[in-house]
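Please read the structure below before turning to the comments.
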Amino acid sequence: MNELFAFLLSGVTIGFIYTLVGLGFTVIYNSSGIINFSQGEFVMAGGMSMVFLLYAGLPLGISFILAIMITSLIGIVLYKLISISKDSSQISLIILTLGFAIFLRGLAQVVFDKQLHTLPSFVGDGTIEIFNATLSYQAILIMVVSTIIVISLYLFFKKTKTGQAMVATSNNIDAAKLMGINIKKIVMLNFVISSVIASIGGILLTPITSTNYEVGIMLGLKGFCAAIIGGLGNPFGAVAGGLVLGILESLVAGYVSSEYKDAVAFVVLLAILFFMPGGIFGNTKSQRV
Amino acid sequence: MMLDRLNINKQIIFLSMILIIAPFLFQNDFHYEIAILAILNAMICIGLNLLMGYAGQVSLGHGAFAGLGAYISVILTSNYEFTPLFSIFVSILIMSFLAFVISKPILKLKGHYLAMATLGIGIIISIVLEVEEEFTGGTDGMSVDSFTMFGFEFIDSLQWYILVAVLLVFFIWMFENLINSPFGRLLRSINDSQKAANSVGIDVSHYKSIVFVLSVVIATIAGSLYAFFSGFISPSEASFSHSIELVVMVVLGGLGRVYGAIIGAVILTALPQFLTSFEDYETLIYGAIIIVVMIFIPKGIASLKLPFVKGSA
Amino acid sequence: MLKKYSVRVLALLFFSSFMVLSANTIKIGAIVAATGPASFLGDPELKTLQLYVDRINKNGGVNGNQLKLIAYDTGASPKKAVTFVKRLINQDKVVAIIGPSTTGETMAILKFVKRAKIPLLSMAGAVAIIKPVKKFVFKMVATDRMACQKVMADLNKKGINNLALISGSGGFGKSMRKQCKDVAPSYGINIVADETYGKKDSDMTTQLLKIKNNKKVQAVLNAGFGQGPAIVTKNYAQLKIKAPLYQSHGVASKKFIEIAGAAAEGVKVVAPPVVVADKLPANFPNKKIAVQYKNDFENAYHTQVASFGGHAYDALFAIVEAIKATGSSKPTKIRDGIENLKNFQGVDGIVNMSKKDHLGLDTKTGMVLLEIKNGDWTLAK
Numbered sequence: 012m013n014e015l016f017a018f019l020l021s022g023v024t025i026g027f028i029y030t031l032v033g034l035g036f037t038v039i040y041n042s043s044g045i046i047n048f049s050q051g052e053f054v055m056a057g058g059m060s061m062v063f064l065l066y067a068g069l070p071l072g073i074s075f076i077l078a079i080m081i082t083s084l085i086g087i088v089l090y091k092l093i094s095i096s097k098d099s100s101q102i103s104l105i106i107l108t109l110g111f112a113i114f115l116r117g118l119a120q121v122v123f124d125k126q127l128h129t130l131p132s133f134v135g136d137g138t139i140e141i142f143n144a145t146l147s148y149q150a151i152l153i154m155v156v157s158t159i160i161v162i163s164l165y166l167f168f169k170k171t172k173t174g175q176a177m178v179a180t181s182n183n184i185d186a187a188k189l190m191g192i193n194i195k196k197i198v199m200l201n202f203v204i205s206s207v208i209a210s211i212g213g214i215l216l217t218p219i220t221s222t223n224y225e226v227g228i229m230l231g232l233k234g235f236c237a238a239i240i241g242g243l244g245n246p247f248g249a250v251a252g253g254l255v256l257g258i259l260e261s262l263v264a265g266y267v268s269s270e271y272k273d274a275v276a277f278v279v280l281l282a283i284l285f286f287m288p289g290g291i292f293g294n295t296k297s298q299r300v
Numbered sequence: 015m016m017l018d019r020l021n022i023n024k025q026i027i028f029l030s031m032i033l034i035i036a037p038f039l040f041q042n043d044f045h046y047e048i049a050i051l052a053i054l055n056a057m058i059c060i061g062l063n064l065l066m067g068y069a070g071q072v073s074l075g076h077g078a079f080a081g082l083g084a085y086i087s088v089i090l091t092s093n094y095e096f097t098p099l100f101s102i103f104v105s106i107l108i109m110s111f112l113a114f115v116i117s118k119p120i121l122k123l124k125g126h127y128l129a130m131a132t133l134g135i136g137i138i139i140s141i142v143l144e145v146e147e148e149f150t151g152g153t154d155g156m157s158v159d160s161f162t163m164f165g166f167e168f169i170d171s172l173q174w175y176i177l178v179a180v181l182l183v184f185f186i187w188m189f190e191n192l193i194n195s196p197f198g199r200l201l202r203s204i205n206d207s208q209k210a211a212n213s214v215g216i217d218v219s220h221y222k223s224i225v226f227v228l229s230v231v232i233a234t235i236a237g238s239l240y241a242f243f244s245g246f247i248s249p250s251e252a253s254f255s256h257s258i259e260l261v262v263m264v265v266l267g268g269l270g271r272v273y274g275a276i277i278g279a280v281i282l283t284a285l286p287q288f289l290t291s292f293e294d295y296e297t298l299i300y301g302a303i304i305i306v307v308m309i310f311i312p313k314g315i316a317s318l319k320l321p322f323v324k325g326s327a
Numbered sequence: 008m009l010k011k012y013s014v015r016v017l018a019l020l021f022f023s024s025f026m027v028l029s030a031n032t033i034k035i036g037a038i039v040a041a042t043g044p045a046s047f048l049g050d051p052e053l054k055t056l057q058l059y060v061d062r063i064n065k066n067g068g069v070n071g072n073q074l075k076l077i078a079y080d081t082g083a084s085p086k087k088a089v090t091f092v093k094r095l096i097n098q099d100k101v102v103a104i105i106g107p108s109t110t111g112e113t114m115a116i117l118k119f120v121k122r123a124k125i126p127l128l129s130m131a132g133a134v135a136i137i138k139p140v141k142k143f144v145f146k147m148v149a150t151d152r153m154a155c156q157k158v159m160a161d162l163n164k165k166g167i168n169n170l171a172l173i174s175g176s177g178g179f180g181k182s183m184r185k186q187c188k189d190v191a192p193s194y195g196i197n198i199v200a201d202e203t204y205g206k207k208d209s210d211m212t213t214q215l216l217k218i219k220n221n222k223k224v225q226a227v228l229n230a231g232f233g234q235g236p237a238i239v240t241k242n243y244a245q246l247k248i249k250a251p252l253y254q255s256h257g258v259a260s261k262k263f264i265e266i267a268g269a270a271a272e273g274v275k276v277v278a279p280p281v282v283v284a285d286k287l288p289a290n291f292p293n294k295k296i297a298v299q300y301k302n303d304f305e306n307a308y309h310t311q312v313a314s315f316g317g318h319a320y321d322a323l324f325a326i327v328e329a330i331k332a333t334g335s336s337k338p339t340k341i342r343d344g345i346e347n348l349k350n351f352q353g354v355d356g357i358v359n360m361s362k363k364d365h366l367g368l369d370t371k372t373g374m375v376l377l378e379i380k381n382g383d384w385t386l387a388k
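Residue numbers (our numbering), protein chains in the order written: chain A, 12 to 300; chain B, 15 to 327; chain C, 8 to 388.
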């Protein structure tokens, strides 16, 4: 019985990270219909940048801000690359973002290195005990920060003018243009938001699971699964999808087989795609023949 | 019609000549290796191209099908004492069945959803191959017995080269005939507009399934041959990276153009070998090439106005 | 007529000078996992090879011939190891191969070196590499079986009977797990838990939770190498598991301590003696060469020595000794030379090879039990 709670806790912790990654996908998809297959690499870029900035001797706060800025720059570069590409068919964009992911991984190998890197917890090594399960301060930090990000995003989209403009753009791009909304700026801003979210996720996760140039692959894919499970295009969906996925993974690893842990995300993905392509919460744009 | 025929035969003859001349440029066994690998990749790409270019279905999991088909052939040969040829045959049957069953629900999806579903299946397959160690040897892979065909053992690289080169020409010839047949025309009409095809009474999903199965069968054959040739197989054959490589080969070469698939396969197979001196930068350069091509030549290299390369679309 | 003749002479001179030049280079291949999950192993191995090949060449080479090191990085992928071994054999035409760094990679390439009749000096751990003995395959590091024995001897000393295993799923982890299960009964040890994790896993909390909740467990042994055990150790501390943790020689590197951080405190590690070379008792048989290697490496690279580099040193010098002894740099002769090594002063211990024993190390000089105190290695009590 103790075990169950421990599994749930670790599931929720990683679930919040999946949420952040999934939100990143959702934000870009909503504004431009593009699936960014390099989203995971943004997470990696955040974590790795943070590690190396700290190694270089910069203080925690500054490293944090710089790491986020670096990742945002990468997001802008991707946006620019997409805008100048001659062919914007789905397959071309899929390959382009995949190629960008490979490029970022290669860049990380060269600029950073190929080793595994870790960071000490940002809030000390303390833990609290709940029902005999230990929860580290870092995990609590992840949960708190993620929740803040989700709420901030929600408020941003609902209450601010720019946010509302973004929603309008995703709902009806032509109407938005007619209203004088600068689509290009909106889309670019969405890429930046997505990068910021992703990099924060990567930074927060590093003290728990370490980071290296390859972590983006699986994180990106699972984050995407989370977004689809919740309902692609639906921010609440990304949140729900992330948590559901994290918990399911943890439970399967604990009670069924730890070796098949990674497969959980994709099995659930397939189940959703076949039976409920709109995801748990349904999404705004379903694509079925 | 007659002129079309002539063109196709000319292309095949040209390709055959290249295949015959190439070995004289090889200085050692390793060059043969690369060539054989490139040809086998080209085969998978032809099938993938049929699926993606003609039937319009993206597959981000084809490496897994090639890998799984290969594992089945290898396991049947090593553990159950079937002959390699028979094992491949059985593997084709199993993979066809699997592909058919998968195709039904999957091909109902469109665009990103289809891509993700194929990706999901591919990753699940690669994880199963890694985890089920008793059958597959796990992440460290397993050794593969040598390949014999009717009692003749293929050891020499030259022998393998001849085998795969002949097969390649055969597959291309089959492919061309398929594309120019009524079946091929049907495919193109489906690709152009599914709704229109549906309205004329064509069972769209049926044809899409057939193409899917065909592409998986070719992948199984090529994948199996690669395992036998290499003497070693590991789950990385079925990995997501390998699947992406294949898709990039097809798109780089030119979606919908069979010779594009070959060009893409050759370039991307040979590239890592040239980059080993820049080992540290290999991934970076690979990614940069993909980005540059997708931005500036999205229709692939074969779409560049080169005199002797004509697409079939 | 004269022109034709002189052209022929020139051609002859030209080509023979080539032959003379190329006769001077002895090409040695190396397959190392310098990056990726086994980089703790491959990186120091590669650095060691580069350091000493350079040094040997500066001192006139071997028998007057310069050495050329052709090294490839596999990232611990057996598939890449297969590709590179073929390249080394067919394209680079090396006379001997050092490596690979890991068991999985070694097992994958065995048949290729056998076919090519080129000696392979593996730096990997599993006993299966040299048992049964393979004509062209040698091993430069103590086996996983020996590591198990060392740990179990310590458990006996401490009166502990119930051991939990948590192993990596790669070749070495899998093999060591099997070896430990095999030797346990003869030490009176019961294996009461048996968990595994994948090569690239980043979190082993689930497996460790199961061990933590198993009341029978008195000690835990982690069989693996590279980043896996570091993560296991971190998770172990996070979960506040009280039982003593033992690690294999797959982690005998400062990198392990760096990544595991404070969690590494008190962890016991089986390791080749070079890691604590200067703390060894004065009468330890190969103390001198271990200390010398340690100093060489640390002065050249400004980073703490790792045991894995020692395997590379031993491999390289075994080849050099063999060439000197047989006076030939032909692969088969090198192989013979290595097989006949007696009383070879290796960093890993004194090596005595024979037709039946392609390892040549014994448990006494090949391994010591260490404990991590204050972020550094000490000899365990």
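Yeah, the Cβ is synthetic: ideal placement off N, Cα and C, and Gly gets one too.
Residues of its chain near C/GLN156, where Cβ-Cβ distance is below 7 Å and the 5 sequence neighbours each way are ignored
VAL190, THR370
Grab me the residues of B/HIS76's own chain with a C-beta within less than 6 Å of its C-beta, minus the 5 sequence neighbours each way, in chain order. LEU62, ALA233, SER257, LEU260
Applying a beta-carbon distance threshold of less than 7 Å, which residues of chain B neighbour C/PRO85?
ASP154, GLY155, SER248
### Task
Just the chain A side, please: which residues come within less than 8 Å of B/ASP294 by C-beta, in chain order?
GLN120, VAL121
*Kindly list, in the order they appear in chain B, the residues whose Cβ is closer than 8 Å to that of A/ILE95.*
ILE309
Would you call B/THR290 buried or exposed, if buried means 16 or more other Cβ atoms sit within 10 Å of its Cβ? exposed
ask   = A/SER206: beta carbon under 7 Å from a heavy atom of the ligand FAD?
value = For the ligand FAD, the structure offers nothing, since it holds no ligand at all.
**Request:** In the DSSP assignment, find the alpha helix (DSSP H) that holds C/GLN286 and state where it starts and stops.
**Result:** Sequence inspection shows Lys at residue 286 of chain C; the Gln mentioned does not correspond to that position. Taken as a continuous stretch (DSSP letters only), C/LYS286 belongs to no alpha helix (DSSP H), as it is neither H nor E.
*asked:* Suppose you measure from the CA of A/THR129 to the CA of A/LEU65; what does that come to, to the nearest Å?
replied: 11 Å
Nearest-angstrom Cα distance between C/LEU215 and C/GLU202? 8 Å
Worksheet entry | Contact set for C/GLY82: own chain, Cβ-Cβ below 7 Å, skip 5 residues either direction | ALA40, THR42, GLY43
Where A/HIS128 falls: helix, strand or coil (DSSP):
strand
- Query: Does the beta carbon of B/TYR335 come closer than 8 Å to any beta carbon on chain A?
  - Reply: Missing from the structure shown is residue 335 of chain B; chain B here goes from 15 to 327 and no further.
Q.
Out of C/THR109, C/SER335, C/TRP384, C/THR55, which one is the CA nearest neighbour of C/LYS206?
A. C/THR109
* Asked: Taking any Cβ of chain B, which residues in the region 344 to 364 of chain C have a Cβ under 8 Å from it, in chain order?
  -> none
Considering only DSSP beta bridges, list what C/GLY356 is partnered with. C/GLY353
**Request:** Would you mind telling me which residues of chain A sit closer than 8 Å to C/ALA269, beta carbon to beta carbon, in chain order?
**Result:** ASP136
For B/PHE11, the residue or residues it bridges with in DSSP:
Residue 11 of chain B lies beyond the range of chain B shown here (15 to 327); nothing can be said about it.
Using a beta-carbon distance cut-off of less than 7 Å, what residues from the region 264 to 285 of chain A approach chain F?
Protein chains A, B and C are contained in the structure displayed, whereas chain F is not.
key: Distance, A/GLN175 Cα to A/LEU118 Cα   = 36 Å
Are any of the Cβ atoms in chain C nearer than 8 Å to that of B/PHE44? yes
Check: Between the region 194 to 213 of chain C and chain A, which residues of the former have CB atoms less than 9 Å from a CB of the latter, in chain order?
Finding: GLU202, THR203, TYR204, GLY205, LYS207, ASP208, SER209, ASP210, MET211, THR212, THR213
### Query
Hey, quick one: how far does the alpha helix (DSSP H) through C/VAL92 stretch, first residue to last?
85 to 94
Any contact between the region 141 to 151 of chain B and the region 268 to 275 of chain A? By contact I mean 3 or more CB pairs, one from each, below 8 Å. yes
- Using a beta-carbon distance below 8 Å, is B/LYS24 in contact with chain A? no
Q. Taking DSSP as the reference, what is the three-state secondary structure of C/VAL69?
A. strand
- Task: Measure the C-alpha to C-alpha separation of B/SER223 and B/LEU121 and round it to an integer number of angstroms.
- Result: 7 Å
Is there at least one Cβ from chain A nearer than 8 Å to B/GLY75's Cβ? no
Exercise. Is the region 70 to 81 of chain A close to the region 227 to 236 of chain A, with three or more CB pairs under 8 Å?
Worked result: no
Point to revise | Alpha carbon of C/VAL134 to alpha carbon of C/LYS181, nearest angstrom | key: 11 Å
Practice prompt. Measure the alpha-carbon distance for B/TYR46 versus B/PHE243 and round it to whole angstroms.
Written response: 11 Å
(message) Any beta carbon of chain C sitting closer than 8 Å to that of A/PHE114?
(response) no
Q.
One question on the structure: do B/LEU64 and B/VAL225 come within less than 8 Å of each other, judged by their Cβ atoms?
A. yes
Original post:
What do you reckon, are the CB atoms on C/LYS185 and C/ILE198 nearer than 8 Å?
Top reply: no
Q.
Please give the ranges of any beta strand (DSSP E) in the region 82 to 168 of chain A, keeping only runs that are unbroken, at least 3 residues long and fully inside the region.
A. 138 to 141, 144 to 147
- Would you mind telling me which residues of chain C sit closer than 7 Å to A/GLN126, beta carbon to beta carbon, in chain order? SER46
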